[in-house]
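Notes to accompany the following structure.
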Amino acid sequence: MELRKTTVREAAEEVCSGRISAYRLIEMTLNNCAVLNEGLNIFNSIAGIDALEQAKAVDRQIADGERPPLAGIPVAVKDDICYGVLPTGFGSAAFREFFSPYTATVVERLMDKGAIVIGKTNLDEMSLGSTTLSSPSGPTLNPRDSDRLSGSAGAAAVATGVCMVALESDSGGALRQGASHCGVVGLRPTTGRVSRHGLNAFSSSFGQIGITAASGENINSVLKIISGFDENDASTARPGDEPPLQGDVPDSMDLKIGYPAAAFDYLEPALREVFEQARDEYAARGFRFIDLELNYLAEALQAYYVIALAETSSNHSRFDGIRFGETEKAGDLEALYSRSRSRILGREGRRSSVFGAFLLSKGNYDRYYRQALKVWSLVKREFAGALTKCDLLMLPAVKSLPRPVSGETELLDSWTDDLYCAPVSLSGLPAISLPAGQAGSLPVGLQLVGPPFSEEMLAAVCDRVVPEINIFPHGNV
Amino acid sequence: MEFEVVIGLEVHVELQTESKLFCSCPNCFVPEPNVNTCPVCLGFPGARPRLNSHAVRQALTASLALNCEIALFSYFDRKNYFYPDMPKGYQLSQYFEPIGSDGYLVVEDDGGQPKTVRIARVHMEEDAGKLVHAAGGASSMVDYNRAGVPLVEIVTRPDLRSSGESRRYLEQLKRILQYARVSDCKMEEGSLRCDANISLRPVGSETLGSKTELKNMNSFKAVEKSLEHEIKRQKNILKRNEEVPSQTLRWEEDRQETIVMRGKLEAHDYRCFTDPELAPIELAPEEVDRVRKALPEMAEARAARFISDYGLPEYDAGVLTSSRCLADYFETCLKSYNNPKVVSNWIMGELSAHLNLAGLEADQCLFRAEDLADLLKMIDEGLISGKIAKDVLEKSFQSGKTPRLVVEEEGLLQISDHSELEAVVEKVLAENPDSVEKYRSGATKVIGFLVGQVMKETGGKANPGLVNELLVKKIEG
């Protein structure tokens with residue numbers, strides 16, 4: 000079986016029919032992992048024996064006559080999503096050996112249906128970034144060009160074919176930009192569609208768990224399993240709150256896509272060209288385009304950072320050396336906190352906490368935080384308004400090509416990379432990041448943004464316009 | 000110069016609920032540390048709060064019982080500060096929008112006149128854990144059993160004018176919350192905690208003087224004592240024409256004085272912002288009405304019923320309804336022994352004496368209402384005398400044994416056997432010929448002395464009515 004050319008559904012059927020055992024599949028996957036990880040630094044930990052044991056259990060289930068819909072499917076999980084079996088490191092040196100006492104709902108649901116967790120993927124310190132440059136274990140390299148960054152390690156795991164699916168977090172766009180940089184598909188779901196229980200989000204408002212895979216169909220196979228109400232996450236939609244699934248796209252592709260032309264002006268010409276070409280291809284396939292304006296992208300980006308950093312300063316307060324992280328000896332409590340926190344948080348974490356505390360402090364709350372909340376509601380209204388005029392919105396997924404591994408990145412430049420993703424996070428709407436074309440040899444992705452709970456439709460459109468994604472031939476089994 | 004005392008009280012009350020405010024851990028006291036805990040109340044990364052709707056209803060009930068305006072839309076905010084008993088580094092509290100506001104409560108002023116004390120706000124928040132200091136002071140440990148227990152904080156306007164008034168306010172507040180079944184309000188156990196803000200100003204002045212904050216009072220008496228102490232202290236300072244320093248003071252029960260805890264009443268910047276993980280609390284007006292209508296009978300109404308239904312004097316009704324559990328005790332006892340005045344006498348007399356001595360409430364003592372009913376029945380059945388009954392009550396109160404068991408074990412059954420008593424009667428008559436003479440010569444009162452002698456001989460166990468009868472028969476016969 001050639002894993003890279005197989006869909007999740009087909010692979011699970013192969014396993015259920017006994018043509019290949021889950022054990023054999025996972026054994027091969029683990030071998031590939033070991034080889035690839037040497038070169039690209041994708042995983043912070045690999046499950047090994049635990050994954051094989053789980054595979055055996057799946058094989059036993061099948062022998063008992065069950066047909067789990069994700070039987071034997073190898074899954075990568077970002078290292079900010081709690082999984083009790085492996086360490087959950089949050090991209091922090093202080094948590095390298097931290098074991099969460101519980102497992103995230105999304106992971107439990109996948110495993111319950113036969114999927115196997117292969118390993119925990121690399122990430123920026125405390126998920127703060129979309130480059131993996133601030134990871135204590137170094138950056139993850141891009142499988143398409145190993146002199147460049149992958150953006151997200153889950154996308155790299157999918158692009159190399161070692162895992163068919165990656166679960167990743169996405170706040171300002173790490174998942175969507177990673178998919179773009181690695182030439183695969185990434186879905187950020189509607190706020191409330193997928194449980195966040197077990198996600199160590201630096202931003203409670205914007206942190207979401209999404210799915211990265213090689214096709215819209217594979218994303219749908221997984222979304223079906225992980226979405227839905229979770230009693231451990233009060234923000235998940237209750238049954239009945241979700242509108243009826245919009246899974247099937249009309250054959251005629253009679254969909255109207257909103258195209259905010261002015262938004263593409265921020266891009267360098269090479270990238271803009273890719274998107275213009277993509278637009279023409281979509282039009283050739285029968286999609287209709289309408290022009291519209293999104294006037295607050297820049298303000299949305301600022302508001303995103305104000306709110307996300309404010310929340311980070313509060314969410315990371317628990318890492319104080321008392322409950323989490325080493326307690327530094329000190330004469331008084333104040334000194335204990337400052338010493339412990341200086342050690343537990345890395346550069347990115349410290350900076351974010353300081354910024355966030357500043358933004359929330361007296362006077363600044365009104366000046367920045369309250370203003371940002373206003374921008375947030377403005378942006379929500381603007382996106383919702385735009386979607387009354389069209390079925391989908393098209394936006395770039397990235398502002399630049401994957402960055403070279405060597406070379407410094409200015410903080411503000413790395414924030415500006417979120418220009419097209421962060422506003423969508425504010426909107427609360429679902430977005431899929433899918434390949435738009437190539438600039439030179441490097442993949443470039445675009446985002447399609449849909450109305451609430453339209454994930455299935457977005458994934459289906461993706462498969463229509465991107466018939467096949469080139470997965471590296473490491474996935475041969 | 001004459002000074003006016005200005006006091007405002009902040010009272011924290013633990014709500015009676017099955018589970019904690021944001022998780023399903025039990026809300027009850029257990030001596031073993033860190034047993035009632037889970038990832039949510041321990042602040043584990045990725046664990047999200049889920050609001051306990053029963054706690055909201057309890058807070059709503061408290062607000063209505065205190066005549067508050069109800070916010071139909073409110074939410075939880077984060078109060079950010081570091082302390083080891085707070086696992087998340089922030090406390091979830093209704094900082095911006097309390098569920099109840101602008102209420103009041105009526106208490107007697109020092110002249111015995113009814114006076115309205117305004118309540119500024121009633122808001123929900125989560126409790127913190129407890130620090131346990133190891134002997135020797137080398138280290139401290141934290142018990143998180145209490146972390147996340149639901150509280151309401153009830154804040155008065157600065158309307159109280161004396162220590163006595165403050166104490167009566169607390170007593171009235173406790174009575175109301177107990178009657179509403181919102182909290183057991185046991186200050187000694189920490190389910191009711193009180194801080195006081197106090198300042199003095201020249202009589203007639205409208206501006207408030209500089210205030211101090213009093214903490215660590217463990218009983219109503221301690222509140223009254225510490226306020227008296229503080230009033231005296233501030234008066235002395237003002238009389239010297241000096242200014243009262245703004246300080247936080249700690250009441251030292253052993254030394255019966257205050258010590259300075261914190262030099263300045265610095266306004267801490269809690270960097271509050273609305274919690275992004277919890278949905279707002281929305282109450283329907285019909286629900287508020289339903290809770291308002293379902294408010295239980297309060298002390299005054301119950302006292303009136305005790306007078307009309309049981310024919311009790313006003314005084315008895317007032318004493319019995321001074322706390323809900325005492326009134327419950329009374330009515331439970333009536334179910335098996337239907338003589339209201341007798342029961343009332345025993346509760347107000349013997350039982351209250353023992354309760355006060357032991358510092359217990361009626362629902363905490365081992366001598367239950369059913370035991371009192373049984374004790375009274377034994378008197379009626381002639382099995383024990385009233386005097387013996389008092390001893391039985393005490394022993395039963397101490398040991399928790401039923402009165403019948405005490406009577407049996409101690410051999411306290413009343414002697415009602417003629418032949419047994421006749422021997423004693425004859426012995427007493429033989430030893431007291433003078434008294435017999437007096438009786439025969441018309442001084443029949445002396446019979447009381449003779450009865451007493453018989454009782455003494457029998458260790459109080461003789462049936463006094465029967466003794467009286469036998470004596471008269473013997474002397475006259």
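Protein sequences appear in the order of chains A and B.
Using numbering that gives the first Met the number 0, the letters of the first sequence correspond one by one to residues 0 to 476.
Using numbering that gives the first Met the number 0, the letters of the second sequence correspond one by one to residues 0 to 476.
The C-beta atom is built at its ideal place from N, Cα and C for all residues, glycine as well.
Does the beta-carbon of residue 82/A have 16 or more other beta-carbons within 10 angstroms, so that it is buried, or is it exposed?
In summary, residue 82/A is buried, with 16 or more beta-carbon neighbours lying within 10 Å of its beta-carbon over all protein chains present.
Q) In terms of alpha-carbon separation, which member of 389/B, 187/B, 143/B and 69/B lies closest to residue 30/B? A) Out of 389/B, 187/B, 143/B and 69/B, 143/B has the C-alpha closest to the C-alpha of residue 30/B.
Q: Buried or exposed for residue 231/A, please, with buried defined as at least 16 other CB atoms from any protein chain shown within 10 angstroms of its CB.
A: Result: buried.
Between which two residues does the alpha helix (DSSP H) containing residue 438/B stretch?
From DSSP, the alpha helix (DSSP H) with residue 438/B extends over 432–439.
Chain B contact for residue 197/A (CB, 8 angstroms cutoff)
Chain B, which has a Cβ nearer than 8 angstroms to the Cβ of residue 197/A, makes this yes.
Review point. Using a Cβ-Cβ distance under 8 angstroms, would residue 322/A count as near chain B?
Key: Yes, because at least one Cβ of chain B sits closer than 8 angstroms to the Cβ of residue 322/A.
Discussion item. Count Cβ pairs between the region 46–60 of chain B and the region 274–281 of chain A that sit closer than 8 angstroms; are there 3 or more?
Written reply: Verdict: no, contact absent.
At 8 angstroms on the CB atoms, spell out the chain A contacts of residue 89/B, in chain order.
-> Simply 313 and 316.
* Asked: From 201/A, 123/A, 114/A and 148/A, pick the residue whose C-alpha is nearest to that of residue 11/A; which is it?
  -> The closest CA to that of residue 11/A, considering only 201/A, 123/A, 114/A and 148/A, is found on 114/A.
Margin query: Which residue marks the beginning of the alpha helix (DSSP H) containing residue 306/B, and which one marks its end?
Written below: That run of the alpha helix (DSSP H) goes 298–309.
Next item on the list: Please confirm if the region 340–359 of chain A is in contact with the region 383–396 of chain A, defined as three or more CB-CB distances below 8 angstroms between the two stretches.
Entry: No, the region 340–359 of chain A does not touch the region 383–396 of chain A.
Is there at least one Cβ from chain B nearer than 8 angstroms to residue 476/A's Cβ? For residue 476/A, the predicted structure reports a pLDDT of 34, less than 50, and the residue's modelled location is therefore unreliable. A value from the coordinates is still provided. False, the Cβ-Cβ gap to chain B never drops below 8 angstroms.
- Item | Interface flag, residue 72/B vs chain A, CB-CB below 8 angstroms | Among the CB atoms of chain A, none fall inside 8 angstroms of the CB of residue 72/B.
*Look at residue 159/B and residue 199/B and say whether their C-beta atoms are less than 8 angstroms apart.*
Cβ atoms of residue 159/B and residue 199/B: not closer than 8 angstroms.
Notebook entry, point to check: residue 301/A: which of 322/A, 411/A and 99/A sits nearest, CA to CA?
Noted result: The shortest Cα separation from residue 301/A among 322/A, 411/A and 99/A belongs to 411/A.
- request: Verify the CB distance criterion: does residue 295/B have a CB-CB separation below 8 angstroms to chain A?
  value: Cβ-Cβ to chain A under 8 angstroms: no for residue 295/B.
query = Taking 8 angstroms as the CB-CB limit, is residue 317/B close to chain A?
reply = Cβ-Cβ to chain A under 8 angstroms: no for residue 317/B.
Exercise for the section: Consult DSSP for residue 115/A and reduce its assignment to one of helix, strand or coil. Expected result: Assigned with DSSP and collapsed to three states, residue 115/A falls in strand.
Taking the straight line between their C-alpha atoms, what separation do you get for residue 136/B and residue 20/B? If you draw a straight line from the Cα of residue 136/B to the Cα of residue 20/B, it comes to about 32 angstroms.
**Asked** Per DSSP, residue 149/B is paired with what?
**Response** Bridge pairing for residue 149/B: 125/B [DSSP].
Could you please give me the residues that DSSP links to residue 79/B through a beta bridge?
DSSP output for residue 79/B lists 89/B as bridge partner(s).
Residues of chain A with a CB under 8 angstroms from the CB of residue 278/B: which are they?
Here the neighbours are 233 and 234.
Could you round the C-beta distance between residue 311/A and residue 452/A to whole angstroms and report it? I think they count as a contact, below 8 angstroms. Taking the Cβ atoms as the reference, residue 311/A lies roughly 28 angstroms from residue 452/A, outside the contact range of under 8 angstroms.
Open item on the list: Please classify residue 454/B as buried or exposed, where buried requires at least 16 other C-beta atoms within 10 Å of its C-beta.
Closed with: Flag for residue 454/B reads buried.
Can the beta-carbon of residue 62/A be found closer than 8 angstroms to that of residue 25/A? Contact: no.
**OP:** On a CA-only basis, which of 80/B, 64/B, 60/B and 437/B is nearest residue 333/A? Give me that one, please.
**Re:** Nearest to residue 333/A by alpha-carbon distance, out of 80/B, 64/B, 60/B and 437/B, is 80/B.
Run through chain A and tell me which residues come within less than 7 angstroms of residue 42/B, C-beta to C-beta. Those are 317 and 322, listed as they occur along chain A.
Open item on the list: I'd like to know if the region 73–93 of chain B and the region 269–280 of chain B are in contact, where contact means that at least 3 CB-CB pairs between them fall below 8 angstroms.
Closed with: Yes, they touch.
message = Can you check whether the C-beta of residue 144/B is within less than 8 angstroms of a C-beta belonging to chain A?
response = At a cut-off of 8 angstroms between C-beta atoms, residue 144/B does not count as an interface residue with respect to chain A.
Item to complete: Would you check if the distance between the CB atom of residue 197/A and the CB atom of residue 102/A is smaller than 8 angstroms?
Response: Yes. Within cutoff.
Residue 485/B by DSSP, collapsed to three states: which one?
-> A query on residue 485/B cannot be resolved here, the shown segment of chain B reaching from 0 to 476 and no further.
- request: Output the boundary residues of the beta strand (DSSP E) element that contains residue 287/A.
  value: Where residue 287/A is concerned, the enclosing beta strand (DSSP E) starts and stops at 287–290.
- Would you tell me roughly how many angstroms separate the C-alpha atoms of residue 165/B and residue 109/B, rounded to the nearest one? Their backbone Cα atoms lie some 10 angstroms apart in a straight line.
Residue from 466/B, 77/B, 437/B and 443/B with nearest C-alpha to residue 426/B = Just measuring C-alpha positions, the residue of 466/B, 77/B, 437/B and 443/B sitting nearest residue 426/B is 466/B.
- Beta carbon of residue 207/B, beta carbon of residue 162/B: below 8 angstroms? No, Cβ-Cβ distance for residue 207/B and residue 162/B is not below 8 angstroms.
Would you kindly work out how many angstroms separate the C-alpha atoms of residue 307/B and residue 300/B, rounded to a whole number?
Here the C-alpha atom of residue 307/B lies approximately 11 angstroms from the C-alpha atom of residue 300/B.
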